[in-house]
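Okay, so the sequence shown: first residue is 41 according to the numbering used here, each after it adds one. Glycine residues also receive a C-beta, built at the ideal position from the N, C-alpha and C atoms. A short worksheet on the structure shown next.
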Amino acid sequence: MANSLQTKIRLPLSKRVIDVLIAKFEEAHIEEDCVYIFSQGFVLHNFLITLSEELDEDIIAEHSSSIDRYCTLYVERYRKGISETIEVKS
Numbered sequence: 041m042a043n044s045l046q047t048k049i050r051l052p053l054s055k056r057v058i059d060v061l062i063a064k065f066e067e068a069h070i071e072e073d074c075v076y077i078f079s080q081g082f083v084l085h086n087f088l089i090t091l092s093e094e095l096d097e098d099i100i101a102e103h104s105s106s107i108d109r110y111c112t113l114y115v116e117r118y119r120k121g122i123s124e125t126i127e128v129k130s
């Protein structure tokens with residue numbers, strides 16, 4: 041079974057970043073405080089690393105994984121092509 045990630049990308053984000061996310065991940069939808077995306081494996085994680093570098097924008101995302109039944113939340117900061125775990129919640 042493939043690892044599925046449930047991700048909330050915190051707002052505010054520039055319109056440019058939101059447009060790129062929606063174009064790349066068709067199932068993405070915007071909520072009041074986040075862009076919500078389901079993805080497989082590390083596709084979104086790797087994309088956010090690249091996006092933060094190419095568009096020079098800080099992105100904060102909260103990821104949870106099907107591996108542990110979405111019980112652990114990893115808060116990641118993507119900045120200038122580097123990801124950093126800033127918080128882990130169980």
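Top-ranked residue by Cα proximity to residue i, from the options
{"i": "I62", "options": "F87, S123, I122, N43", "result": "F87"}
{"i": "E67", "options": "R117, D96, L95, K48", "result": "K48"}
{"i": "Q46", "options": "P52, D59, S54, V75", "result": "V75"}
{"i": "P52", "options": "S105, D98, V60", "result": "D98"}
{"i": "I22", "options": "G81, E94, K129", "result": "Outside the displayed range of the chain (41 to 130) lies residue 22, so it cannot be described from this structure."}
{"i": "E102", "options": "D96, Y110, Y114, K129", "result": "Y114"}
{"i": "E72", "options": "R50, S79, S123", "result": "R50"}
{"i": "S44", "options": "E116, I126, F78", "result": "F78"}
Limits of the beta strand (DSSP E) - the one that residue i falls within
{"i": "S104", "result": "99 to 105"}
{"i": "S130", "result": "Looking at the DSSP string, S130 is not in any beta strand (DSSP E), and its letter there is neither H nor E."}
Paired residues, beta bridge with residue i - DSSP
{"i": "I70", "result": "V75"}
{"i": "E124", "result": "R117"}
{"i": "L45", "result": "S79, S105"}
Reduced DSSP secondary structure (H/G/I, E/B, other) of residue i
{"i": "R119", "result": "strand"}
{"i": "L91", "result": "helix"}
Exposed unless 16 or more other CB atoms sit within 10 angstroms - verdict on residue i
{"i": "S92", "result": "buried"}
{"i": "H69", "result": "exposed"}
{"i": "E94", "result": "exposed"}
{"i": "V57", "result": "buried"}
Segment limits, alpha helix (DSSP H) that includes residue i
{"i": "L61", "result": "55 to 64"}
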